[in-house]
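Undergrad: Quick one: structure below, then a few questions.
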Amino acid sequence: MGYLGRRIGKSQDTATDSGSGGGGGLLDLFTNGYFQRQGNIYNAPGLAPAQGLTATGGVISDYIDGSDVYRAHIFTSSGTFDVTAPGNFGDTVDFLVVGGGGGSGGMNGDYHGAGGGGGGLLHYKTGVTCPVATHPITIGSGGVGGTNGGTRGSLGGTTTFALSGTPTTSPGGGGGGAFSAGPADGGAGASGGGARYGGAAGPRDGSSGHPGGLDIVSPPDNGWGNVGGPGNPGAGGGSGAGGGGGAGGAGAVGGGDGTPGVGGAGGIGARYFIAGPLNNGIGESGPNPGRYFGGGGAGGHRDPNGAGASGGAGGGGDSAGGPPNNRVGEAGQFATGGGGGAPTAYSPNVLGANGGSGIVVVRYQIGQLTATAKATGGAISYYDGKTIHVFTSSGTFTVTDASLTSADFLVVGGGASGGGAAAWSSTDGGGGGAGGYRSSFPEGPGGPSPTSESAIPLSPGPYSVTVGAGGAGSRSNYTNGTPSIFSSITSQGGGGGGSPGGGNPSGINGGSGGGAGDTPFGSGVGGTGNRVVGTTTPAPNQGYPGAAAGNSPIYGGGGAGGAGGAGTAGSPTAGGPGGAGKANSVTGVSITYAGGGGGAAEGATVGSGGSGIGGDGSSDASQGGSGKMSTGSGGGGGSCNDSSSSGNGGSGIVIIAYPS
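The opening position of the sequence shown corresponds to residue 17 in the numbering used here, with each subsequent residue numbered one higher.
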């Protein structure tokens, strides 16, 4: 299954620069590896001329499924699907309609949070006639979480696709039951809400639960849905609350009486490929192709230090664990219909979490691929006479054609987290270093180093591809990024930011070095770039060093190095900005990778992330910003406030390209 791309806004030749909202061909690499600006994707080798419907509306995503090329229109807000001409592939469409997820119930004093809201109902239909007309779409909002004092979460909003005047309607998920002022029972909905202890599971509107598998057509009337989980029947307030039902599974029953009395997990959602293989932030990916939608939110529990339960795959929110997350449940994921996760006990004034909004996806065939790639693996696209394989997670690149003897590459390691400051007075963490950047493609702006390299030789057979993970943010410490590897090419992970909270204010060495943290007792030094991560061992050119912080409590943390430049030192009034990333346009869109994380600055101006993709530093109670996923960018540093932690590093990426 390959990927061609997505365009947001107007095509380049019709956009204006008036700032009125029309936009101008904005593309995003990881969901949108390839898309010609004028909407005609078929200048690439091996693709037949476009012959699908002529239609507008939503965000447009083109991808390959087998030998067929599809166009998907993704609606995450209300609008219209406007068909102005039929196509030579027929006038039928496939579509997915998902209602909003239910909100979780509120809590009351030292009692556990209520069950998570159920996921939105799923309708999936194929081969439906779609005439030339305007077809209205209404997207249901997520249900609102219950209020402090214990009211039940509200029902998710209804999503409707009025195809040819005949609406397909997906109601929202039921709200989670409440401890005190609201009903203990889970609310009814597309999938039912979970219940608090002693309460009954929320009933479902769906005809039946999804049986599992990919792209299963829904029942004709009420689609997929499941009941919520009941609360544990124990009489004590420590009994866990049930999870919300999901499209593919019922919510789990809450745990036994007494502290900790864990909450029940949310029911799993249902898996569909209709939006394409790489839809960044649209649905939740599983181990197989496709995305999950309509997961249930998790139920709450009483133990103030216990771990939260998991929301169902498909956007269901996790329930709250203990500190430092203030015991707030996780909201259902945007555009999935996932239910909200429940809060937990001992947190006055904590509301239930909202459900995730719904979504409509409409797709139709627009072409057929006539050429074949010379290798397998990753998301495959075509641009400028090249076949391009994009790996945003680890996998295998297998050469299947002996004529393929070399390929160009871009390998970016995982970015590091920023440094954590913990609760030391007047301390600031340094920015996280970007992952190493190594490439044989012509380079964009960003300085003379790192340098381009030669294409890598290949022969038939498999090559392991490792995509480095970004480092996880922390209250008190750092986490280095991990390397990305393709064949003989290794791009190191970024070096963690200086962490006063962990006793090490110096930035860590890596592909790019971490920025230094600042303490009242003196500041560290920036980490060195072009090093095996966490060591002093030299590595090939791939990044720049992090910067110093000040030596006074009023100085900000240092910015981390990026692939295109060094970090900037902290100052008396600001954290240091992260170093710039480097641009690459192999996919047809200029994308910047490996920006450094910015330094934190308590009560002052934070350091900005490099090139807008590294995470910004923290100020006061804010969290450090996270590096952008699949760019290898570093996370922002954390400040000393009790509620602040450093930002996560962004995961890496591997891109391989050769002549088609």
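Cβ atoms here follow ideal geometry from the backbone N, Cα and C, with glycine treated the same way.
From Thr-352, Gly-449, Thr-482 and Ser-455, pick the residue whose C-alpha is nearest to that of Gly-393; which is it?
TA: Thr-482
Undergrad: Closer than 7 Å by C-beta to Ala-178: which residues in its own chain qualify, once you throw out the five before and the five after it? Chain order, please.
TA: The residues are His-151 and Pro-152.
Undergrad: When the Cα atoms are used, what is the spatial distance from Leu-230 to Phe-309?
TA: 12 Å
Undergrad: By Cβ distance below 6 Å, which residues in the same chain neighbour Thr-184 in space, the five residues on each side in sequence not counted?
TA: Val-113, His-139 and Phe-177
Undergrad: Give me whichever residues DSSP pairs with Val-114 in a beta bridge.
TA: Leu-138 and Ile-375
Undergrad: Beta carbon of Gly-430, beta carbon of Gly-510: below 9 Å?
TA: Gly-430 places its beta carbon less than 9 Å from that of Gly-510.
Undergrad: Go through its chain and collect everything with a Cβ distance to Thr-552's Cβ below 8 Å, but skip five positions before and after it.
TA: Asn-525 and Thr-544
Undergrad: Mind reading off the beta-carbon distance from Gly-663 to Gly-651? Whole number of angstroms is fine, and I expect it under 8 Å.
TA: 3 Å
Undergrad: Alpha carbon to alpha carbon, what distance is there between Leu-426 and Thr-412?
TA: 16 Å
Undergrad: What is the DSSP secondary structure of Ser-470, reduced to helix, strand or coil?
TA: Coil, per DSSP.
Undergrad: Please classify Gly-538 as buried or exposed, where buried requires at least 16 neighbouring CB atoms within 10 angstroms.
TA: By the 10 Å Cβ count, Gly-538 comes out exposed.
Undergrad: Would you tell me roughly how many angstroms separate the C-alpha atoms of Gly-512 and Gly-631, rounded to the nearest one?
TA: 13 Å
Undergrad: What is the DSSP secondary structure of Ser-500, reduced to helix, strand or coil?
TA: strand
Undergrad: Identify which residue in Gly-327, Thr-421 and Gly-447 has its Cα closest to the Cα of Gly-640.
TA: Gly-447
Undergrad: Would you list the residues sitting across from Gln-384 in a DSSP beta bridge?
TA: Asp-84
Undergrad: In its own chain, which residues sit with a C-beta less than 7 Å from the C-beta of Pro-246, not counting the 5 before and 5 after it?
TA: Ala-211, Gly-215, Ala-216, Ala-217, Gly-258 and Val-269
Undergrad: Going by C-alpha distance, which of Gly-188, Ala-450, Ala-389 and Ser-326 is nearest Gly-594?
TA: Ala-450
Undergrad: By Cβ distance, which residues of its chain are closer than 7 Å to Leu-420, with the 5 residues on each side in sequence left out?
TA: Lys-390, Ala-391, Leu-474 and Tyr-674
Undergrad: Measuring only the C-alpha atoms, how far is Val-85 from Thr-621?
TA: 48 Å
Undergrad: Could you give the distance in angstroms between the alpha-carbon of Thr-443 and the alpha-carbon of Pro-536?
TA: 7 Å
Undergrad: Would you mind stating whether Thr-175 and Gly-188 have Cβ atoms separated by less than 9 Å?
TA: yes
Undergrad: Take Thr-360 as the anchor and find which of Thr-108, Val-548 and Gly-121 has the nearest alpha-carbon.
TA: Gly-121
Undergrad: Is it true that the CB of Leu-137 sits closer than 9 Å to the CB of Ala-206?
TA: Closer than 9 Å, so yes.
Undergrad: Does Pro-464 pass the burial test, meaning 16 or more other C-beta atoms within 10 Å, or should it be called exposed?
TA: Any reading at Pro-464 is ruled out, since the residue's pLDDT is 36, under 50, leaving its predicted position unreliable.
Undergrad: Roughly how many whole angstroms lie between the Cα atoms of Arg-87 and Gln-381?
TA: Distance between the alpha carbons of Arg-87 and Gln-381: 6 Å.
Undergrad: Among Gly-653, Ile-396 and Gly-643, which has the Cα closest to the Cα of Gly-665?
TA: Gly-643
Undergrad: Can you grab the Cα-Cα spacing for the pair Thr-47 / Trp-240, in whole Å?
TA: Residue placement at Thr-47 is poorly supported in this model, since its pLDDT is 34, which falls under 50; the coordinates are not used for a value here.
Undergrad: Excluding sequence positions up to five away, which residues of its chain have a Cβ less than 6 Å from the Cβ of Ser-627?
TA: Ala-596, Gly-597, Thr-608 and Gly-611
Undergrad: Could you check which residue in Asn-557, Gly-519, Ala-616 and Gly-578 has the C-alpha nearest to that of Tyr-571?
TA: Ala-616
Undergrad: What whole-angstrom Cβ distance do Thr-108 and Gly-73 have, given they're in contact under 8 Å?
TA: Not a contact, Cβ separation roughly 17 Å.
Undergrad: DSSP on Ser-515, reduced to helix/strand/coil?
TA: strand
Undergrad: Nearest by alpha-carbon distance to Gly-592: which of Ser-504, Ser-660 and Gly-514 is it?
TA: Ranking the options by Cα distance to Gly-592, first place goes to Gly-514.
Undergrad: Could you tell me whether the Cβ atoms of Gly-527 and Ala-555 are closer together than 9 Å?
TA: yes
Undergrad: Taking the C-alpha atoms as reference points, what is the distance between Gly-523 and Thr-647?
TA: 20 Å
Undergrad: Give the DSSP bridge partners of Val-278, in chain order.
TA: For Val-278, which the question treats as bridged, DSSP gives no partner whatsoever.
Undergrad: I'd like to know whether the C-beta of Tyr-609 is nearer than 9 Å to at least one C-beta of chain C.
TA: Included in the structure is just one protein chain, with no chain C present.
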